[in-house]
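Position one of the first sequence corresponds to residue 613 (my numbering), numbered consecutively onward.
For reference, the structure discussed in these notes is given below.
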Amino acid sequence: MPELPDVEAFRQVLMNCGRRRRVTDIEVRDAGVLRGVTEKRLRRELTGRRLGKAWRHGKWLFVPTDGGSTLVCHFGMTGSLRCCRPDEPIEPHDRIVLTLDEARDLRYRDQRKLQGVRLADEYTVDRIVDGLGPDALTVDRSEFQDLLSGRRGAVKSALMDQSVIAGLGNLLCDEILWRARVDPRTPTRDLDRTALRRIHSAMGRVLTASVRAGRVPPRRSWLTGRRDDGEPSCPRCGASLRSTRVAGRRTLWCPRCQTSTTGDR
DNA sequence: ATAAAGTCCTGAAAGC
DNA sequence: TGCTTTCAGGACTTTA
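See below:
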């Protein structure tokens, strides 16, 4: 689930639920989601602290505390952040529960434990962000062209690469390339400026609508809305969609309308 | 049993 | 040739 729009939604959860609230207790229900931090240290450094303004870069969520360390969350493929009343039953995949004052708790829920939670000082936060490209929401057209220039692999691989642009995942990339009418396997270097401009523009539109929805919306008028169909067809032209593997991921695209590498149409 | 919306590591290819 | 960058594939993990 978690790509940029989902993580942005989790940030809102935090702002509504955790902002300025004090952590009164921490329960680590499955230490398998702790990354580079022990349960003991997590408890020691967070208990009694207030949560500051959460911020996001790409798919990473950073929650500063007034104790100096920052709680850093990554949600892998199945993670989420929930704001619950304490009487709501704990679910099997609630891996960490932060009890807050004022009768709220914050639950890091994750089925597969592909990523997790860490505790970082300023230096470590910088190191994480330094490894990422600019956040996809902030990339303007000329920066976008610069970031992609000279890449030799498939355009989808470049868009998926977090060190190039941070925040785009498998669904967003398929959606963006479909909207831009570009075959995901196209070598990036074969795209002319107009095609790149179209991809950038599609990225902006897809991101804006997705952030508003809190996820990549599975609307029938979007490619994403067809992913789970047995015989998916293109919402735009009706042709059968193709499903192959690009950059190691399932990739859905329309062989009829995703054909342009240049600025035609 | 296969595959899933993510990332890290490895070894290899491509580029200068 | 040699060094660096870029790329593809597998591992990690759990469940439908």
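For each residue, glycine too, the CB sits at the ideal point set by N, CA and C.
DSSP links Y720 through a beta bridge to L693 and I708. Counting every other CB atom within 10 Å of its CB across the protein chains shown gives G743 a total below 16, marking it as exposed. Linking L789 to R809 through their CA atoms gives a straight-line distance of about 12 Å. Contact between D722 and V709 does not hold, since the beta-carbon distance rounds to 13 Å and is not under 8 Å.
As DSSP reads the structure, C685 sits in a beta bridge with L673 and V729.
In the three-state reduction of the DSSP assignment, A715 falls in the coil class.
DSSP places W790 in the helix class (H, G or I) of the three-state scheme. In the structure shown, S855 falls within a strand segment according to DSSP collapsed to helix, strand and coil.
R634 is a Cβ neighbour of R661, given a cutoff of 8 Å. Around the C-beta of P676, 16 or more other C-beta atoms lie within 10 Å, and the residue is accordingly described as buried. Where E639 is concerned, there is no enclosing alpha helix (DSSP H), although the beta strand (DSSP E) around it starts and stops at V635 to V640. If you check the CB distance, L658 and I638 come in under 8 Å. Within the same chain, and ignoring the five residues on either side of D706 in sequence, the residues whose Cβ sits closer than 7 Å to its Cβ are R641, R719 and R721. Note that the C-beta distance between P796 and V858 is below 8 Å. Here T856 is exposed: its Cβ has fewer than 16 other Cβ atoms, across all protein chains shown, within 10 Å.
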